[in-house]
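These notes are about the structure you will find just below.
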């Protein structure tokens with residue numbers, strides 16, 4: 026791993042705000058971001074990424090390579106839950122195994138946003154259609170996770186896969202980023218320039234405040250997590266690292282662009298702690314949120330934005 030790349034990432038102000046949030050929890054400070062403000066900032070980040078992605082997509086050529094990029098992302102989201110489920114089933118019951126597998130097959134929009142900031146820091150471009158790839162990777166993992174649960178459950182029950190798919194795509198974060206992607210695609214450059222101060226100029230400032238909030242949330246999740254033994258901790262680091270490194274290597278046969286390959290790697294390595302938990306509450310209520318939420322938010326997210334991103338970039342540069 027390039028030590029300079031690692032140091033650049035660890036001294037990124039947005040990431041340092043994340044550490045500040047964790048430190049505040051450990052010091053038992055009353056520092057917090059109001060819930061309404063936190064929700065607004067998360068909506069803003071998704072809005073900005075979606076809109077800018079749509080603008081980039083408008084300048085892309087629609088060909089086989091673009092279609093293959095979307096298919097590759099969907100395949101990743103469908104394959105990762107399968108192999109992780111059978112690893113998890115050796116330690117967890119099928120309800121928790123399917124929920125964790127779905128979370129790690131799905132993606133984290135916040136990790137995606139942080140990855141884009143990382144690329145901008147390195148002046149590495151990426152294609153606008155990668156925003157669509159991210160949005161399309163939400164649903165397949167949820168479907169596969171529920172299918173695996175149904176297939177392994179001795180108490181067979183009827184599963185409404187149409188309802189699951191609808192919920193996956195009408196989830197607020199997915200709907201917003203897809204909608205903004207379409208709006209950005211339709212808007213002309215002149216029209217987009219009118220809101221550029223909002224979509225671009227203040228982005229990094231809002232990202233820093235949001236990561237401060239994520240640091241506070243992660244710090245709270247970590248407090249009770251270590252009581253669950255070594256396996257969840259090891260899984261939440263090792264599996265994302267393997268996914269990220271493997272995809273960083275094989276993505277060279279999908280696209281030659283460094284920025285796109287990096288985003289594929291970080292998407293494969295990330296875990297959902299918004300869309301999947303919401304879906305699991307509806308279709309898999311016997312799963313334990315206090316297990317998969319701390320794994321995704323308290324362990325995998327900090328790992329990816331500190332050590333993971335420089336690792337995946339180093340692998341890409343070496344292959």
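In the numbering used here, the protein residues as written are 26 to 344.
Just so it is clear, CB atoms sit at the ideal spot from N, CA and C, and this is done for glycine as well.
1) Is it the case that the Cβ atoms of residue 262 and residue 326 are separated by a distance below 8 Å?
2) Would you mind giving the Cβ-Cβ distance between residue 74 and residue 235, rounded to the nearest angstrom? I have them listed as a contact below 8 Å.
3) For the stretch 153-180, which segments carrying the alpha helix (DSSP H) assignment without a break, of at least 4 residues, lie completely within its bounds, in sequence order?
4) For residue 162 versus residue 288, is the C-beta distance shorter than 8 Å?
5) Flag this pair as yes or no: are the beta carbons of residue 132 and residue 70 separated by less than 8 Å?
6) Please report the residue range of the alpha helix (DSSP H) in which residue 109 lies.
7) May I ask you to report which of helix, strand or coil DSSP gives residue 323?
8) Please determine, among 41, 44 and 68, the residue with the shortest C-alpha to C-alpha distance to residue 299.
9) How big is the Cα-Cα spacing for residue 271 and residue 107?
10) Figure out for me which residue from 316, 293, 49 and 307 has the closest Cα to the Cα of residue 104.
11) Take residue 136 as the anchor and find which of 338, 117, 206 and 334 has the nearest alpha-carbon.
12) Starting from the C-beta of residue 311, find all residues in its chain whose C-beta is less than 6 Å away, skip the five residues before and the five after it, and write them out in chain order.
13) Would DSSP call residue 223 helix, strand or coil?
14) Return helix, strand or coil for residue 139, following the three-state DSSP convention.
15) Whole beta strand (DSSP E) runs in the stretch 253-336 with 3 or more residues, listed along the chain?
16) Could you pull out every residue in the same chain whose Cβ sits closer than 6 Å to the Cβ of residue 90, ignoring the five residues on either side in sequence?
17) Write down the C-beta distance between residue 274 and residue 344 rounded to the nearest angstrom, noting that I regard them as a contact closer than 8 Å.
18) For residue 284 versus residue 87, is the C-beta spacing smaller than 8 Å?
19) Could you check how far apart the C-beta atoms of residue 43 and residue 239 are, in whole angstroms? I think they sit under 8 Å.
20) For residue 268, which of 109, 308, 164 and 342 has the nearest alpha-carbon?
21) Hey, could you find the ends of the alpha helix (DSSP H) residue 128 is sitting in?
22) Cβ atoms of residue 167 and residue 127: under 8 Å apart, would you say?
So, from the data block:
1) No. Outside cutoff.
2) Approximately 12 Å separates the beta-carbon atoms of residue 74 and residue 235; this is outside 8 Å, ruling out the contact.
3) Qualifying alpha helix (DSSP H) stretches, in chain order: 154-161 and 163-177.
4) No; because the gap between Cβ atoms is not below 8 Å, this pair is not in contact.
5) No, they are not a contact pair.
6) For residue 109, the enclosing alpha helix (DSSP H) has its first and last residue at 89-113.
7) Residue 323 falls in the helix class under three-state DSSP.
8) For the residues 41, 44 and 68, the minimum Cα distance to residue 299 belongs to 68.
9) Near 16 Å, if we compare the C-alpha coordinates of residue 107 and residue 271.
10) Out of 316, 293, 49 and 307, 293 has the C-alpha closest to the C-alpha of residue 104.
11) When each option's Cα is compared against that of residue 136, the closest is 334.
12) Excluding sequence neighbours, residue 311 sits near 120.
13) Residue state, collapsed to three classes: helix.
14) In this structure, residue 139 counts as helix in the three-state DSSP scheme.
15) Restricting attention to beta strand (DSSP E) runs no shorter than 3 residues, the stretch 253-336 encloses none.
16) Excluding sequence positions up to five before and after residue 90, its CB lies less than 6 Å from no other CB in the same chain.
17) Taking 8 Å as the upper bound for CB-CB distance, residue 274 and residue 344 are in contact here, some 5 Å apart.
18) The answer is no: Cβ separation not under 8 Å.
19) Between residue 239 and residue 43 the Cβ distance is about 6 Å, and since that is below 8 Å, they are a contact.
20) Comparing Cα-Cα distances from residue 268 to each of 109, 308, 164 and 342, the minimum goes to 109.
21) Residue 128 -> alpha helix (DSSP H) spans 119-130.
22) Cβ distance < 8 Å, so residue 127 and residue 167 count as in contact.
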